[in-house]
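Q: Can you read through this structure? Questions will come right after.
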Amino acid sequence: MDRSSRQPGDVFAGEARSELSSRAVRALWWGSAGLVLAVPGTAVLVAGAERGWRLPVAVALVLVQVCALRWQVRAPVAVLAVNAATGLAVWTLLPAVSLTGALLAAQVALCVLSATRPRRASVRALAAMCVPVPLAFGAGGGPAGVTVYLLAVVLAWTAGQWRRAQRARAGAEMRRAVVEERARIAREVHDVVAHTLSVMVIQAGAADDVFAERPDQARQALRAIESGARSALGELRLLLQAFGPEAGEADDGGADDGGAREQREPGPSLARLDELADTVRASGMTVSVHREGAFEGLSAAVGLAAYRIVQEALTNTLRHAVGADEVGVCVSVEGECVTVSVVDNGRTPQGRSDAAGAGRGLVGMRERARLVGGSLRAGPLPGGGFEVAARLPVERVS
Numbered sequence: 001m002d003r004s005s006r007q008p009g010d011v012f013a014g015e016a017r018s019e020l021s022s023r024a025v026r027a028l029w030w031g032s033a034g035l036v037l038a039v040p041g042t043a044v045l046v047a048g049a050e051r052g053w054r055l056p057v058a059v060a061l062v063l064v065q066v067c068a069l070r071w072q073v074r075a076p077v078a079v080l081a082v083n084a085a086t087g088l089a090v091w092t093l094l095p096a097v098s099l100t101g102a103l104l105a106a107q108v109a110l111c112v113l114s115a116t117r118p119r120r121a122s123v124r125a126l127a128a129m130c131v132p133v134p135l136a137f138g139a140g141g142g143p144a145g146v147t148v149y150l151l152a153v154v155l156a157w158t159a160g161q162w163r164r165a166q167r168a169r170a171g172a173e174m175r176r177a178v179v180e181e182r183a184r185i186a187r188e189v190h191d192v193v194a195h196t197l198s199v200m201v202i203q204a205g206a207a208d209d210v211f212a213e214r215p216d217q218a219r220q221a222l223r224a225i226e227s228g229a230r231s232a233l234g235e236l237r238l239l240l241q242a243f244g245p246e247a248g249e250a251d252d253g254g255a256d257d258g259g260a261r262e263q264r265e266p267g268p269s270l271a272r273l274d275e276l277a278d279t280v281r282a283s284g285m286t287v288s289v290h291r292e293g294a295f296e297g298l299s300a301a302v303g304l305a306a307y308r309i310v311q312e313a314l315t316n317t318l319r320h321a322v323g324a325d326e327v328g329v330c331v332s333v334e335g336e337c338v339t340v341s342v343v344d345n346g347r348t349p350q351g352r353s354d355a356a357g358a359g360r361g362l363v364g365m366r367e368r369a370r371l372v373g374g375s376l377r378a379g380p381l382p383g384g385g386f387e388v389a390a391r392l393p394v395e396r397v398s
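Next comes the structure, spelled out in structure tokens:
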């Protein structure tokens, strides 16, 4: 199933299990487990101090709740059922424990279920959590206890819905940024190919004009045509590898203006990094540019991707780095890869991190790197400052 055809809720439900499958899941478990041990666990110890065998049984049930929370992201419905049953058992054994406290673990599971599963399933779970209300009222909890319990349950469900909507919006924004960046890259690579083909047409005409009188010059033109054709084929190969049918539909009108673009210069490349640095220096920022390795014959698509990554990283420094006055750009060709590093000395404000991959600039840079077969990481440095580092495979044209 194509990700673009999914509903935002379906996308989040699938991505929540994958994105929260390691450190985030453990952090969620430790946090919820600590909450359950602190609230119902303490209440059980206090209420069961003089209840004989009921205390160890209730403690064991609380520990079952804590252990069940380990799977709250992977199987929230089952965890909710287990924690609701054990919570009711704790409340039955020790009526002095409030219904809200006894079912706190179930409320945590309800929140996760509401955030990760379709709304229909979460609404059914919310209704199920309201079933014990008559029991609480009949057991002497009174209107106040029932009201507190209902507010806690509804709040847990609402918090999950808010988180679900937040992630759905972030996912939609990220997908939109990727689509826009892919369309922009397609247009730029088209410009490079169109320029190469226009030069080939001119060289073919020149070879035809001097074919009889100056065959050496004609052969030279033909060799240039061969080299240009190889370059164009290389660019087209990268384009076909990077873009699927969806991206082609995003730029249907691009072929119609090829005649106008034939006269343009090729798009930005690593040879123009100094010009890019000068525009940033005009703002008062100190920019150093360092190059290493042989850049001759580097594929225009790779050079363009590296240039745009540097450009976006410098733009992010100007916009987001607090107190930054220096930024270093290093581009090098090492073996079979081009490495790009942009490091500033600014302080990192809250929100400027790589934890969630947020920010359309970071999304665009990652997409640039991915479409040419490379990778990119970005984040604050331990000693201060922010770094954008990319590794792009070397693609050379003869």
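When you line the sequence shown up against UniProt numbering, it's residues 1 to 398, in that order.
Backbone N, C-alpha and C define an ideal beta-carbon position, used for all residues, glycine too.
1. Whole angstroms is fine: what's the gap from Arg23's alpha carbon to Gly31's?
2. Starting from Ala378, follow its DSSP beta bridges and name the residues at the other end.
3. Name the residue from Val289, Leu126, Gly101, Gly34 whose alpha carbon lies nearest to the alpha carbon of Val148.
4. Using CA coordinates, which residue listed in Pro95, Ser114, Pro215 is at the minimum distance from Arg124?
5. With a CB to CB cut of under 8 Å and the five nearest residues on each side skipped, what residues in its chain are close to Val90?
6. Does DSSP put Arg51 in a helix, in a strand, or in coil?
7. If I measure Cβ to Cβ from Asn345 and keep anything under 6 Å in the same chain, skipping five residues before and after, which residues do I get?
8. Given a cut-off of 7 Å on the beta-carbon distance, is the pair Leu362 and Val302 in contact?
9. What residue range does the alpha helix (DSSP H) around Gly312 cover?
10. In the DSSP output, what is Ser332 paired with across the bridge?
11. Select from Leu270, Ala85, Gln107, Asp274 the residue whose C-alpha is nearest the C-alpha of Ala300.
12. In its own chain, which residues sit with a C-beta less than 7 Å from the C-beta of Gly48, not counting the 5 before and 5 after it?
13. Near Leu150, what residues of its chain come up, given a Cβ to Cβ distance below 8 Å and the 5 sequence neighbours on each side ignored?
14. Take Val329 as the anchor and find which of Ala321, Tyr307, Cys337, Met174 has the nearest alpha-carbon.
15. Please state whether the Cβ-Cβ distance between Ala305 and Val394 is less than 7 Å.
16. With distances taken Cα to Cα, identify the nearest neighbour of Arg218 among Cys337, Leu314, Ala206.
17. Is it the case that the Cβ atoms of Val36 and Val73 are separated by a distance below 7 Å?
18. So the candidates are Val331, Thr86, Glu50; which of them puts its Cα closest to the Cα of Cys67?
A: Walking through what the data contain:
1. Going from the Cα of Arg23 to the Cα of Gly31 covers about 12 Å.
2. When beta bridges are read from the DSSP output, Ala378 appears opposite Val388.
3. Cα-wise, what sits closest to Val148 is Gly101.
4. The shortest C-alpha separation from Arg124 is found at Ser114.
5. Same-chain partners within the cutoff: Pro40, Val44, Ala58, Leu61, Val62, Val97, Ala102.
6. Correct three-state label for Arg51: coil.
7. The beta carbon of Asn345 sits closer than 6 Å to the beta carbons of Ala324, Glu326, Gly385 from its chain, once the five residues preceding and following it are set aside; these are given in chain order.
8. Not in contact: Leu362 and Val302 (Cβ atoms no closer than 7 Å).
9. A quick correction: the sequence has Glu, not Gly, at residue 312. 300 to 320 is the extent of the alpha helix (DSSP H) around Glu312.
10. According to DSSP, which records beta bridges pairwise, Ser332 is partnered with Glu292, Thr339.
11. Ranking Leu270, Ala85, Gln107, Asp274 by Cα distance to Ala300 puts Leu270 first.
12. Shown here for Gly48: same chain residues with a beta carbon closer than 7 Å to its own, the five before and five after excluded, namely Arg54, Leu55, Ala58, Leu94 in chain order.
13. Result list for Leu150: Cys130, Val133, in chain order.
14. Cα-wise, what sits closest to Val329 is Tyr307.
15. Taking the C-beta atoms as reference points, Val394 is found no nearer than 7 Å to Ala305.
16. What sits at residue 218 in the sequence shown is Ala, not Arg. Among Cys337, Leu314, Ala206, the Cα nearest to that of Ala218 belongs to Ala206.
17. Not closer than 7 Å, so no.
18. Nearest C-alpha to Cys67: Thr86.
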